[in-house]
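Asker:
Numbering (our numbering), first residue to last: 9 to 576.
(1) Out of 211, 170, 462, point me to the one whose CA is closest to residue 519's CA.
(2) Ends of the beta strand (DSSP E) at residue 436?
(3) By DSSP, does residue 31 sit in helix, in strand, or in coil?
(4) Rounded to the nearest angstrom, what separates residue 559 and residue 531 at their Cα positions?
(5) Pull up the DSSP beta-bridge partners for residue 445, would you.
(6) From the DSSP output, which residues share a beta bridge with residue 553?
(7) Please state the DSSP three-state secondary structure of residue 215.
(8) How should residue 242 be labelled, buried or exposed, when 16 other C-beta atoms within 10 angstroms of its C-beta is the threshold for buried?
(9) What do you reckon, are the CB atoms on residue 157 and residue 128 nearer than 8 Å?
(10) Using the C-alpha atoms, what's the distance from residue 39 back to residue 67?
(11) Kindly indicate which residue of 313, 263, 65 has the alpha-carbon position closest to the one of residue 172.
(12) On a Cα-Cα basis, can you pick out the residue from 539, 32, 76, 236 that is closest to residue 344?
(13) So does the segment 130-145 actually touch the segment 30-49, counting three or more Cβ pairs closer than 8 Å?
(14) What whole-angstrom Cβ distance do residue 58 and residue 366 have, given they're in contact under 8 Å?
(15) Kindly indicate which three-state DSSP category residue 489 falls into: helix, strand or coil?
(16) Using CA atoms only, rank isn't needed, just tell me which of 186, 217, 211 is closest to residue 251.
(17) Check whether the Cβ atoms of residue 474 and residue 494 lie closer than 8 Å to each other.
(18) Using CA coordinates, which residue listed in 321, 509, 384, 427 is at the minimum distance from residue 133?
(19) In the segment 331-394, which residue ranges form an unbroken alpha helix (DSSP H) of at least 4 residues, counting only runs that do not cross its ends?
(20) Once you ignore the five residues that flank residue 81 on each side, which residues in its own chain have a CB closer than 8 Å to its CB?
(21) According to DSSP, is residue 473 helix, strand or coil?
(22) Rounded to whole angstroms, what is the Cα-Cα separation between residue 351 and residue 398?
(23) Suppose you measure from the CA of residue 498 to the CA of residue 161; what does that come to, to the nearest Å?
(24) Comparing alpha-carbon positions, which option in 363, 106, 27, 330 lies nearest residue 647?
(25) Taking C-alpha atoms, which residue in 371, 347, 332, 349 lies nearest to residue 359?
(26) Would you list the one or two residues that DSSP bridges to residue 40?
(27) Taking the alpha carbon of residue 155 as the point to measure from, which residue in 78, 202, 254, 239 has its own alpha carbon closest?
Here you go:
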């Protein structure tokens, strides 16, 4: 009965929030690509994309089922939340009712409801739950199980490459620890060397991708777990090579459908380049290094210092949230050091998966792995009293997350976020879609749609930069380039030269819509704009967008003036 109640809660929470958030650059990006796949376009060949492709095909299926409504892309997120809640409950069931409730609550309360769009990060989080279950319940000495794990990791990779690589490190660690060969000292070398190499690679990634705050909160623990695991490993080279071979075989199996699809469409090399090379050549984005995990905690403390005692719940929430990776890391290390044959499977994988949060020091990226971190901790703590206290703490944190953090716009100010204050902006529907967002944004979108329709012809192209792909979807216009996000398509001097030739040629877009002061703007995108700016006249500004029209592409119907949209 309790299990059913937890699943029902997951369903109701997911249904309530699933359409109460809009982030145009991502929602529009995934929706636009889904539409183009259904129109017969081939990603990587016809459209530059960031990921291997699986996420886009999943989205296209649900976009079709929802009859072109972007809300359809969120239906799989609801299903995944219910399934990961079931997994969490079942994994914790043997630890008692309180822990089971806590595990189910974190799987629900720290799910997609905090960034409600089909981000590949939510699929990776779901697969982390699935892999924890498989590693906990199945015999990883069996060949078929190791191949299955390789398939799951491969699927994660083809959804989001970085998350797949991180999961590969985690599952390799667990499998090598659970495949001890015997007492022969000479057999120790294989597993130890591989895990030490993984520790080295992980350490280099942490040092390169993070600042002190992320290193302190997240980054120090996965390499430490890998080093300690290496010292405990007892696997021969022959067994190591067999395990690695089976994992690779599983990963290859997961890639076969994609490989066949791209090869059949003459895009196999484009796919390989877009999957394995392009991610390393993305335009530099300074904002990735500008954020600090401790900022939200500092703001919460300051708010409390200024006498806002209602902010106490926010301070509690962010302390629990930001210390979660440390609590997990300490308990996993403690278990590994003290227990000779004790392998905290769930804790190890969760600890290594926390590396997902290193990519960008925003609390949002910690949401992409925090559910697994909390679950790993609940399944790793041994002291019953400590476990009971921590269960109460995470249940309260999950309740606060559901009622005060979920579904909130990214435009909510930082102080409100830190103090868990709900935004009370007037709501409306996204034009042509069943998604609820701020009414002011709706007015801006309607105005920009009107301008595009009046100031360009139906067969004209346009260029939105650095990234507003939702506009292509809303106004039914094609982009001028293969890319819809400038930081993806403008990575090299060659990209710049080719794009400049289009902007200065006969196929130049009739309109350029520029989002000023956007964090995704890169020097190369600005340079491209400067090279073609002389061909355009500035029509005016609509909210955050500045609109430019090509001097030689004037629509016979005169364009209206563009005053800034005022608050409703």
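Don't be surprised by glycine CBs; every beta carbon is placed ideally from N, CA and C.
Computed from a prediction, not measured in an experiment: that's the story for all the values here.
Answerer: With the given structure in hand:
(1) Ranking the options by Cα distance to residue 519, first place goes to 462.
(2) 435-437
(3) coil
(4) 25 Å
(5) 436
(6) 523, 550
(7) helix
(8) buried
(9) no
(10) 7 Å
(11) Nearest option by C-alpha distance: 263.
(12) 236
(13) no
(14) Between the beta-carbon of residue 58 and that of residue 366 there is about 18 Å, and that puts the pair past the 8 Å contact cut.
(15) coil
(16) 186
(17) yes
(18) For residue 133, the nearest C-alpha among the options comes from 384.
(19) Counting only runs of 4 or more, we get 353-361, 371-386.
(20) 35, 38, 39, 42, 67, 70, 71, 74, 125, 126
(21) strand
(22) 21 Å
(23) 30 Å
(24) Outside the displayed span of the chain (9 to 576) sits residue 647, for which this structure offers no information.
(25) 332
(26) Its beta-bridge partners do not exist; DSSP assigns none.
(27) 254
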